[in-house]
Amino acid sequence: MRRTIKITAPLGKGTASSLLAGDLVSITGTLITVRDRAHRFLLEAKVPTELKDMLRDALVYHCGPLVRAEGRNFSVLCAGPTTSARFEGYAKQLVRRYHIGAVMGKGGMHHLGIPYISAVGGAGALLAGRIKRVEAVYMLKEFGMAEAIWVFDVEDFPALVSADSRGESIHKKVLKKSTEKLYWGGKQWL
Amino acid sequence: MNLKNAIVGLYRLASTDLPGDVESALIAARKKEARGSNARLVLGSILENIKLARENSVPICQDTGLPVFYASIPHSMSEGKIESAIISATKAATRAIPLRPNAVESISGRNSSDNTGRGIPEIHISRWGRKHMHFELLMKGAGSENIGQCYRLPDACLRAERDLAGVEKCVLDAIVRAQGRGCPPMVVGVAIAGSRSAAAFESKRQLLRNLREHSKNKILAGLERGIFSKANRLGIGPAGLGGKTTLLGVKISTLSRHPASYFVDVSFSCWALRRRSMNYSKGGYG
């Protein structure tokens, strides 16, 4: 029986370890977007203290949103996930340095010791509807819209836990099954 | 309506309104999945998103991609004028729709903020004997672009020879390597050719074909059907979270080649296949 769980972000004590692969989650709280350039920035540059504090127990979202800007008034039009595999080389360091609570993106990642949450790829307009407010943005001028670090206030943002903190992973299962079907099946090539 | 404005309209249609053949395929795919399954949930969200984007005229996906234009123009027309109109329209569409600024200068890392840059938008112009112009626009996201592959046959690792079975092995290999990273269910374009550049151009062009249309060449049509059915038995499913539909379509083309070369290029589109076309003649468009 699939569980549907309301969670807050930053993650409360015990939340990360209680989430299981297959759980549906409805997220209320703060998402912080971290993409290609932001990963290197957070590991190599001088990071503002308020951002460092925000990242503790945070739900990091791999996303380059489409945002309409009227001066400093931002409205998010589209905010689906980007492919997390691009950040494989940085993820473990980022999680350890900042004590990240969970990571959200699409396509999965290798085991990080924290939950990996899948948002539906391409459902940008739908997901943007759950973003109530842009709380802050860092490095917008330097990195541009897609690559900046956005801080979103969200309510009932829907997603699926596709890998949990113990290492149980839907991505691993699908990879194993599809690879076996193709390369080692009783009949070669299906 | 002037050409620039007509192209802005084409950008809006392509980015916000998913073509009917793709939406129908997604609706059919959802019906095949078990109630309560990951696949059915994902497809449900996708279909809801498609409706929302169309109703509110907002882009379907935040990655509005890199624009690729294929234009057919009369012999008398100036290519320079067409390119200017496309570039102006790109800047205007980026502001108006809006589109996400996706053109980054490769050495400095500077985002141009208006979706133009060296080689962007990608514009291919060819001539024809008709009096009007025809434009196809493909807005190509990076998720699907990054999982494309090029194979040289024979391939020892895949045990693939220079035959249709070998081509099939390449395509299935590319799909398994991609897993959920290109937002399945996907559309695949395949081309066999004598150079990497020719194969890549031709395979991406296959993504323009209507899903309901199969190759007029009986052999290629058979290969398209065969790959389609095998790929969907891999179980990768929507978003790579498992399911019965990994592909919405397979489109294959062949070009002639050098005897010593046999390139198989595999291009992917995610389910959000943002491709639209328009005819244009001075004094109106359709």
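Chains Z and W, in that order, give the protein sequences. With the working numbering as the guide, the letters of the first sequence map in order to residues 1 to 190. With the working numbering as the guide, the letters of the second sequence map in order to residues 1001 to 1286. Beta carbons are placed, not taken as given, at the ideal position from N, Cα and C, and that holds for glycine.
With a threshold of 8 Å on Cβ separation, who are the neighbours of residue i within its own chain once the five nearest residues in sequence on each side are excluded?
i	result
residue 1241 of chain W	1038, 1039, 1042 and 1180
residue 21 of chain Z	161, 162, 163, 164, 168, 169 and 170
residue 1171 of chain W	1188, 1190, 1227, 1231, 1250, 1264 and 1266
Is it the case that the Cβ atoms of residue i and residue j are separated by a distance below 7 Å?
i	j	result
residue 58 of chain Z	residue 27 of chain Z	no
residue 78 of chain Z	residue 1059 of chain W	yes
residue 1125 of chain W	residue 1198 of chain W	no
residue 1012 of chain W	residue 1123 of chain W	no
residue 1089 of chain W	residue 1276 of chain W	no
residue 1238 of chain W	residue 1185 of chain W	yes
residue 146 of chain Z	residue 1110 of chain W	no
residue 1169 of chain W	residue 1160 of chain W	yes
residue 75 of chain Z	residue 109 of chain Z	no
residue 1018 of chain W	residue 181 of chain Z	no
residue 1061 of chain W	residue 105 of chain Z	no
residue 1244 of chain W	residue 1031 of chain W	no
residue 1211 of chain W	residue 1021 of chain W	yes
residue 15 of chain Z	residue 1176 of chain W	no
List the residues of chain W whose Cβ lies closer than 9 Å to the Cβ of residue i, in chain order.
i	result
residue 171 of chain Z	1179, 1180, 1240 and 1241
residue 65 of chain Z	1062 and 1100
residue 160 of chain Z	1038, 1041, 1042, 1239 and 1241
residue 106 of chain Z	1143, 1180, 1181, 1183, 1239 and 1240
residue 113 of chain Z	Neighbours of residue 113 of chain Z on chain W: none; closest Cβ ~21 Å, over 9 Å.
Go through its chain and collect everything with a Cβ distance to residue i's Cβ below 7 Å, but skip five positions before and after it.
i	result
residue 1120 of chain W	1066 and 1103
residue 1085 of chain W	1003, 1004 and 1007
residue 1035 of chain W	none
residue 87 of chain Z	39 and 62
residue 2 of chain Z	22 and 24
residue 1082 of chain W	1071, 1073 and 1125
Grouping DSSP H, G and I as helix and E and B as strand, with all else coil, what is residue i?
i	result
residue 1158 of chain W	coil
residue 186 of chain Z	At residue 186 of chain Z, the pLDDT of 42 sits below 50, so the modelled position is not reliable; the number obtained from the coordinates is stated separately. Of the three classes helix, strand and coil, the one that applies to residue 186 of chain Z here is coil, per DSSP.
residue 36 of chain Z	helix
residue 1079 of chain W	helix
residue 1010 of chain W	helix
residue 133 of chain Z	strand
residue 1279 of chain W	strand
residue 1071 of chain W	strand
residue 159 of chain Z	strand
residue 1249 of chain W	strand
residue 1177 of chain W	helix
residue 120 of chain Z	coil
residue 1119 of chain W	coil
At 8 Å on the CB atoms, spell out the chain W contacts of residue i, in chain order.
i	result
residue 72 of chain Z	Chain W residues near residue 72 of chain Z: none, gap ~17 Å exceeds 8 Å.
residue 77 of chain Z	1058, 1059, 1062 and 1098
residue 2 of chain Z	1036
residue 174 of chain Z	1179, 1180, 1235, 1236, 1237, 1240, 1241 and 1242
residue 68 of chain Z	1098
Can you list the residues of chain Z that residue i reaches, using a CB-CB cut of under 7 Å?
i	result
residue 1048 of chain W	126
Quick one: what's got a C-beta closer than 6 Å to residue i's C-beta in the same chain, skipping five residues either side?
i	result
residue 60 of chain Z	32, 34, 100 and 103
residue 186 of chain Z	Because the pLDDT of residue 186 of chain Z is 42, which lies under 50, any placement of that residue in the model is unreliable, and the number read from its coordinates should be weighed accordingly. So the list is empty, once near-sequence residues are dropped.
residue 137 of chain Z	148 and 150
residue 18 of chain Z	none
In chain W, which residues lie less than 7 Å from residue i when you measure between Cβ atoms?
i	result
residue 148 of chain Z	Within 7 Å Cβ-Cβ: nothing; residue 148 of chain Z doesn't reach chain W, min ~10 Å.
residue 80 of chain Z	1061 and 1062
At 8 Å on the CB atoms, spell out the chain Z contacts of residue i, in chain order.
i	result
residue 1045 of chain W	120, 123, 126 and 158
In chain Z, which residues lie with their C-beta within 9 Å of the C-beta of residue i?
i	result
residue 1176 of chain W	175, 178, 179, 181, 182 and 183
residue 1113 of chain W	144 and 145
residue 1271 of chain W	121 and 122
### Query
Would you call the segment 125 to 135 of chain Z and the segment 1195 to 1204 of chain W in contact, with 3 or more CB pairs under 8 Å?
no
### Query
Do the segment 1073 to 1081 of chain W and the segment 150 to 165 of chain Z touch if we need at least three Cβ pairs shorter than 8 Å?
no
### Message
Does the contact criterion of 3 or more C-beta pairs under 8 Å hold for the segment 1272 to 1280 of chain W versus the segment 1128 to 1140 of chain W?
### Response
yes
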